[in-house]
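Visitor:
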Amino acid sequence: MPDGFVKSTNFKAHKSRAISRNCITSQWHGDEVQLGNWAFDEAVKKSPGLYIHIPFCRSKCPYCGFYSIPSASMTKRWIKAFKAEVSLYKGVFKRFDSLYLGGGTPTYLDPEDLGDIVQFLFRHLDFSSDSEITIEANPGDLTADKTGIIKDLGFNRVSLGVQSFDDRILSYLGRMHTAGDSEKALEDLRLCGFENIGLDLIYGFPEQSIKEWDSAINRALEFNPEHISCYQLTIEKGTAFERMKEKGTFKPMNENEEFKYFMKASNILEDKGYLHYEISNFARDECHISRHNSKYWHHVPYLGLGPSAHSFNGTSRWWNFSSVRKYCEALEAGRLPSEEYETLTAEQVRLESISLGLRNIRGFDRGITANEREANEILLMARNHGLVSFTGSRVIPTRKGFAVADRLAGQLCSSF
Amino acid sequence: MKNIRNFSIIAHIDHGKSTLADRFIQLTHVVDERNFHDQIMDTMDIEQERGITIKSQAITLPYVNSKGEEFELNLIDTPGHVDFSYEVSRALASCEGALLLIDASQGVEAQTVANLYSAMEHDLEIIPVINKIDLPSADVDRVREEIEVDLGLDSDLALLCSAKEGTGIEEILEAITDLLPAPSGSPDEPLTALIFDARYDSFRGTIISCRIFDGQVKAGDTIRLMSTRASHRVEEVGIFRLDRAPMKSLSAGQVGYIIAGIKTVSDTKIGDTITLDSNPAPKPLSGFREVKPVVFSSVYPISSEDYQPLSDALEKYRLNDAALVFQKDSSAALGMGFRCGFLGLLHLEIFQERLEREFGLSIIMTAPTVQYRFILTNGETLTIDNPAYYPDPASIDKAMEPYIRANIISPERYMGVIMEICSERRGTNSRFNCPIPGRLEIQFDMPLAEVIYDFYDRLKTVTQGYGSFDYELLDYRQNDLVKLDILLNGEKVDALSQIVHRDRARSRALQTCERLREEIPRHMFKIAIQGAIGGNIIARSTISPFRKDVTAKCYGGDITRKRKLLEKQKKGKKRMKMVGSVTVPQSAFVAVLKSESK
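Those sequence lines, one after another, are chains A and B.
Take the first sequence: its position 214, counted from the start at 1, is 214 in our numbering, and no numbers get skipped.
Residues are numbered in our numbering as their position in the second sequence, beginning at 1, plus a constant of 1000.
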């Protein structure tokens, strides 16, 4: 094990309490990282990514489980605290090659505040010149002005929350924008010179027919986006949809329907040459695979700043309070706003490698289960039923395999 | 000897037997308050948790009555379950009297009656005690009437108490000294002592619990066990005070223990008579018989590497449970294992739980079955307790199975549903009796195979908890019995085979296929479940493969959450066994007998 990001052994005792600045003592030596018995391949040697969680929204969407507050009143206090957090991590991670502003709704911030944050980051943290710099944007927020500002701030990738091209569905989903807003935003982004645009679509709720899903995907394709995410609606804890489901007013799709919608998207997009590289993600070509998100799936380190953000340094993970107030209070007192911390054991890395591997086309190394007789039997069976393929030393999920990745991971991991 | 009283408490389950024993122990200061806990006589974890008594246990209570006389009261606590009825009968044979405990709101139930009859067979003096009089639903007058009419006892003698509240306890102890006879017998006659329990102690070997009828025994004597003629030198004798209290000797009338360097409890047989080698009794005490298992099931390790540990565990288990019998067994589907015989289903359940808990083994047990007899065309008789050994149908002249007499007591309004479940289970020769208005006693002759699994649960369900049940073994009767095979994706799974009556084969096959469909998780492929007799498929169900099971998003925070889910799944993973390409959970093997889905 390399020197950990956190040296202090009493870090664990600080669980749920704030973590002291003393914890950050040494540089992370990414090149030497090896977790457990399975050497990471080239991915781990790549640079870490930086995620910023902007915890504000205009209003809460009924399906969204990410942390945010539907008010901007705490923005100023939060920005100050955020800057303190950035300063605490100065020099801790090596040079980043991706920055991702998510949330919440980053575009809900005033352009000045947004600029302030981004410029502060560039001034105090180190980024490689070819970094992928993404902002999540809400079509309703993207005026032509704002699009220009975003471009000027240095963003080179926009992930646009289109969700649907049907106004009826957008209002069902509680979205504040219209299909027209999305179309205009997509055009503006191109006009402004963005060459890497991703858009999100959503499926899997009772109001949506397979025909509508088909046409949403085809409409999206007209804009020739570099990246498309097709998310199946998940009923998250604490959302309005969850309450509706409990009351019986929201009926989730059955498994066969889900599979049909999932395959519909995959078929249309692969037909157009897109690469179905992760369960919900499609890239127009290999160089438009989301560099930042891929770090999560390959155990590449990432630093997450802002409330509820998670970080990983190659050996340990920790995460911030999911509360703007607690987050600010900790930083105002000079402490890290971390809520919990864990150091991964070799066995935990193994479980994660399997479950993450089954979610993307890099799969996982067969060596991981080499000594597990039962797991290998399951894998053979999975191959015979077209859920995975064996390519070289790797187990690669098929599209059918993507669709049951959680189940398969559960079976494999429970077999040893 | 005139100041000794040997007694037992007999009661239906949950009528408060252990609580009353607790109060006796507290009142006579056998244990100080600091060390007291509820259900103190039930020493096994499983007894404490389930609130049941599995093994007989004795305790000597010192008591000074209102006249100032000192008494030695020996309470022999007995198991409450029908599986252990032979043990109960030996414990009762060791007593002169019994308290018949009846719940003031539940009244007389099937086990109350069965227990009373067996106490009467031993000529015990009975004192009826009505417990739980503090309950709002207590109906003492009705219970008195039931005691009078149902049981034919003098209800004026009935004592009232609340063991929970501790009221009426002193009066019961007083009645024991007044009403129960002192033991007869003579210390000068040759020794006869009745073994009513034996348990294993890893330091001392077998601890025999016994009642001395005649004679005396002390350390240094050489005792002889009359059924096996084995001799052992006595190391220690004493009485029970929760812990063992060594004494110089035990003599006629007393209840206590003998330690004589006996290695396993199976070397001592419950019901056997102990005498002295030097001066043996001319004949043993009556009533001894070998207990024979009536329910059989196979046990297999989930992982084949656990075969040896399982074998070792069974040997150890037998040290303390003489009623368990087992022999090697192997199954094409489940590999090497053991065929085990039990006194009944509770005995089996306890076995399974203790193997897993005390020995840390992951095991699969197959559906319990009874012992069948086949008279073959060549005149041979074949006795089998495993459906796998069902003979070639062409060679069978007569097939026979064990029958029981079921005794059911319930409020009259449930008569219809009780009749229905009994006839569903091939009950015949029914007799009814209505001792008092509203109360029904029913007897049925039924195949044992039909009650071993969930009959009592079903009865409880259909009578909303009011029905009670007890049974005694009758005889073997001829029936048209066939073997039902179960196939998973075309492969016969021998461990799921059952012997069933031909007329019920189809419905049983459908039921089994349905249960398996519920129990076996979905796989990545379709699973066909078939029931067959010989080569004929008579029932079928299918489990469709899983198609979509994945969460759409997995970003920073989701990875830890996902992993924790996997870890939880891994930890709580169901005990599963690969049968061909199908993973079958442990529960499925037993669930095939369930008549209803969960």
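For every residue, glycine included, the Cβ atom is placed at its ideal position computed from N, Cα and C.
1. Which residues in chain B sit within 9 Å of Ser290(A), going by Cβ to Cβ distance?
2. Are the C-beta of Ser1581(B) and some C-beta of chain A separated by less than 8 Å?
3. Please name the residue in Val1299(B), Arg1241(B), Met1336(B), Ile1396(B) whose C-alpha comes closest to that of Leu1355(B).
4. Classify Glu42(A) as helix, strand or coil using the three-state DSSP reduction.
5. If you run the structure through DSSP and keep just helix, strand and coil, what is Ser1249(B)?
6. Would you tell me roughly how many angstroms separate the C-alpha atoms of Tyr327(A) and Arg1517(B), rounded to the nearest one?
7. Checking 8 Å against the spacing of the C-beta atoms, do Asp1454(B) and Lys1594(B) come in under that value?
8. For a cutoff of 8 Å on Cβ pairs, would you count His385(A) as touching chain B?
9. Can you name the residues of chain B whose CB is closer than 9 Å to the CB of Thr234(A)?
10. Compare the C-alpha of Ser59(A) against each of Ala72(A), Ile378(A), Pro301(A), Glu132(A) and name the closest.
11. Tell me which residue opens and which closes the beta strand (DSSP E) that Thr1560(B) is part of.
12. Starting from the C-beta of Lys1002(B), find all residues in its chain whose C-beta is less than 7 Å away, skip the five residues before and the five after it, and write them out in chain order.
13. Could you name the residues of chain B that Tyr51(A) contacts, counting a contact when the two beta carbons are closer than 8 Å?
14. Using the Cα positions of Thr1028(B) and His1015(B), report the straight-line distance between them to the nearest angstrom.
15. Relative to chain A, which residues along the segment 1538 to 1550 of chain B have a C-beta separation below 7 Å, given in chain order?
16. Quick check for students: name the residue ranges of the alpha helix (DSSP H) that lie wholly in the segment 1060 to 1132 of chain B, counting only runs of 4 or more.
17. How far does the alpha helix (DSSP H) with Ala403(A) in it extend, from its first residue to its last?
18. Skipping 5 residues on each side, what residues in its chain have a beta carbon closer than 8 Å to that of Ala13(A)?
19. Compute the Euclidean distance between the alpha carbons of Gln34(A) and Ile52(A), then round it to the nearest angstrom.
20. Within this structure, are the beta carbons of Ile1169(B) and Pro1128(B) separated by less than 8 Å?
21. Going by Cα to Cα distance, which pick from Asp1457(B), Ile1195(B), Glu1236(B), Cys1554(B) is closest to Thr1267(B)?
22. Would you decide whether Ser26(A) is buried or exposed? Buried here means 16 or more other CB atoms lie within 10 Å of its CB.
23. Which first and last residues belong to the alpha helix (DSSP H) in which Asn256(A) is found?
24. First and last residue of the beta strand (DSSP E) that includes Val1582(B)?
25. Residues in the same chain with beta-carbon distance under 7 Å from Asp1038(B), minus the five sequence neighbours each way, listed in chain order, please.
26. Listing by chain order, which chain A residues have their CB less than 7 Å from the CB of Arg1517(B)?
27. Name the DSSP beta bridge partners of Phe1432(B), please?
28. Relative to the alpha-carbon of Tyr446(A), which residue among Met176(A), Arg157(A), Pro252(A), Phe155(A) has its alpha-carbon at the smallest distance?
29. Less than 8 Å between the beta carbons of Ser1155(B) and Arg1144(B), yes or no?
30. Since Val86(A) and Leu121(A) are thought to touch, with beta carbons under 8 Å apart, how far apart are those beta carbons, to the nearest angstrom?
31. Quick one, which residues of the segment 311 to 330 of chain A are near chain B if we go by CB-CB under 8 Å, in chain order?
32. Any idea what DSSP makes of Asn1320(B), helix, strand or coil?
33. Out of Leu199(A), Gly65(A), Asn371(A), Lys151(A), which one is the CA nearest neighbour of Asn218(A)?
34. Just the C-alpha distance for Leu1382(B) and Arg1373(B), rounded to the nearest angstrom, thanks.
35. Would you verify that the beta carbon of Lys1570(B) is, or is not, closer than 8 Å to some beta carbon of chain A?
36. If you draw a straight line from the C-alpha of Ala1332(B) to the C-alpha of Gly410(A), how long is it?
Guide: Taking the coordinates as given:
1. For the purposes of this step, residue 290(A) is taken as residue 290 along the first sequence, with counting starting at 1. Those do not exist, as Ser290(A) stays about 10 Å from chain B at its closest Cβ, beyond 9 Å.
2. One-based indexing of the second sequence puts residue 1581(B) at position 581. Taking Cβ atoms only, chain A reaches closer than 8 Å to Ser1581(B), which makes this a yes.
3. On the second sequence, position 355 is the one that residue 1355(B) refers to. Here the closest residue by C-alpha is Val1299(B).
4. Within the first sequence, numbered from 1, the residue matching residue 42(A) stands at position 42. Note on Glu42(A): pLDDT 43, under 50, position unreliable in the model; the coordinate value appears next. Looking at Glu42(A) - three-state DSSP - the assignment turns out to be helix.
5. The residue given as residue 1249(B) occupies position 249 in the second sequence. Residue state, collapsed to three classes: strand.
6. As a position in the first sequence, residue 327(A) is number 327, starting the count at 1. As a position in the second sequence, residue 1517(B) is number 517, starting the count at 1. Each residue's alpha carbon lies about 50 Å from the other.
7. Residue 1454(B) sits at position 454 when you count from the first residue of the second sequence. Residue 1594(B) sits at position 594 when you count from the first residue of the second sequence. Yes; because the gap between Cβ atoms is below 8 Å, this pair is in contact.
8. Indexing the first sequence from 1 puts residue 385(A) at position 385. At least one chain B Cβ lies under 8 Å of His385(A).
9. Working through the first sequence from its first residue, we reach residue 234(A) at position 234. Going along chain B in sequence order, the residues near Thr234(A) (Cβ under 9 Å) are Thr1551, Ala1552, Lys1553.
10. Start at 1 with the first residue of the first sequence, and residue 59(A) comes out as number 59. Ser59(A) has its Cα closest to that of Ala72(A), out of Ala72(A), Ile378(A), Pro301(A), Glu132(A).
11. Translated into the one-based positions of the second sequence, residue 1560(B) becomes position 560. Element bounds for Thr1560(B): not the beta strand (DSSP E) but the alpha helix (DSSP H), 1556 to 1571.
12. For this step, residue 1002(B) is matched to residue 2 along the second sequence. For Lys1002(B), where only same-chain residues beyond five positions count, the Cβ hits under 7 Å are Ala1182.
13. Position 51 of the first sequence, counted from the start, is the residue given in the question as residue 51(A). The CB of Tyr51(A) comes closer than 8 Å to the CB of Gly1556 in chain B, given here in chain order.
14. Counting from 1 along the second sequence, the entry for residue 1028(B) is found at position 28. Counting from 1 along the second sequence, the entry for residue 1015(B) is found at position 15. Going from the Cα of Thr1028(B) to the Cα of His1015(B) covers about 22 Å.
15. Listed by position along the chain: Phe1546, Arg1547, Lys1548, Asp1549, Val1550.
16. Unbroken alpha helix (DSSP H) stretches of 4 residues or longer found wholly inside the segment 1060 to 1132 of chain B: 1085 to 1093, 1110 to 1121, given in chain order.
17. What you label residue 403(A) is simply residue 403 of the first sequence in a count that begins at 1. Ala403(A) -> alpha helix (DSSP H) spans 399 to 403.
18. Along the first sequence, read from residue 1 onward, the residue named residue 13(A) stands at position 13. Unreliable placement is indicated for Ala13(A), whose pLDDT of 34 sits below 50; the coordinate value is still reported in the next sentence. If we look at Ala13(A) and ignore the five residues flanking it on each side, it has no Cβ neighbours.
19. Here residue 34(A) refers to the residue found at position 34 when the first sequence is read from its first residue. Here residue 52(A) refers to the residue found at position 52 when the first sequence is read from its first residue. Because the pLDDT at Gln34(A) is just 35, under 50, the model does not fix this residue reliably, and the value given afterwards should be weighed accordingly. Using only the alpha carbons, I get a separation of about 27 Å.
20. In the second sequence, the residue the question calls residue 1169(B) occupies position 169. In the second sequence, the residue the question calls residue 1128(B) occupies position 128. Taking 8 Å as the Cβ cut-off, Ile1169(B) and Pro1128(B) do not qualify as a contacting pair.
21. Taking the first residue of the second sequence as 1, we reach residue 1267(B) at position 267. The sequence given here places Asp at residue 1267(B); Thr does not occur at that position. Among Asp1457(B), Ile1195(B), Glu1236(B), Cys1554(B), the Cα nearest to that of Asp1267(B) belongs to Ile1195(B).
22. Within the first sequence, numbered from 1, the residue matching residue 26(A) stands at position 26. Per-residue confidence for Ser26(A) stands at a pLDDT of 31, beneath the threshold of 50, marking its modelled position as unreliable; the derived number appears in the next sentence. So Ser26(A) ends up on the exposed side.
23. Taking the first residue of the first sequence as 1, we reach residue 256(A) at position 256. Here the alpha helix (DSSP H) through Asn256(A) covers 255 to 271.
24. As a working note, residue 1582(B) is residue 582 in the second sequence. Start and end: 1582 to 1585.
25. Position 38 of the second sequence holds residue 1038(B). The residues are Asp1022.
26. Stepping through the second sequence from its first residue, residue 1517(B) is reached at position 517. Under the 7 Å cutoff, chain A gives no residues; its nearest Cβ is about 17 Å from Arg1517(B).
27. Within the second sequence, residue 1432(B) is the residue found at index 432, counting from 1. According to DSSP, Phe1432(B) bridges with Ile1442(B).
28. Absent from the model: residue 446(A). The displayed extent of chain A is 1 to 416, so no value can be given.
29. For the purposes of this step, residue 1155(B) is identified with residue 155 of the second sequence, where counting begins at 1. For the purposes of this step, residue 1144(B) is identified with residue 144 of the second sequence, where counting begins at 1. Result yes, Cβ atoms of Ser1155(B) and Arg1144(B) sit closer than 8 Å.
30. On the first sequence, position 86 is the one that residue 86(A) refers to. On the first sequence, position 121 is the one that residue 121(A) refers to. Right, their Cβ atoms sit about 6 Å apart.
31. Ser311, Phe312, Arg317, Trp319
32. As a first step, residue 1320(B) is located in the second sequence; it is residue number 320 there, counting from the start. In the structure shown, Asn1320(B) sits in a helix (DSSP, three-state: H, G or I).
33. Position 218 of the first sequence, counted from the first residue, corresponds to residue 218(A). Measuring from the Cα of Asn218(A), the nearest candidate turns out to be Leu199(A).
34. Here residue 1382(B) is taken as the residue at index 382 of the second sequence, counted from 1. Here residue 1373(B) is taken as the residue at index 373 of the second sequence, counted from 1. If you take the alpha carbons of Leu1382(B) and Arg1373(B), they lie about 6 Å apart.
35. The residue given as residue 1570(B) occupies position 570 in the second sequence. Cβ-Cβ to chain A under 8 Å: yes for Lys1570(B).
36. Your numbering for residue 1332(B) matches position 332 in the second sequence. Your numbering for residue 410(A) matches position 410 in the first sequence. Whole-angstrom Cα-Cα distance: 28 Å.
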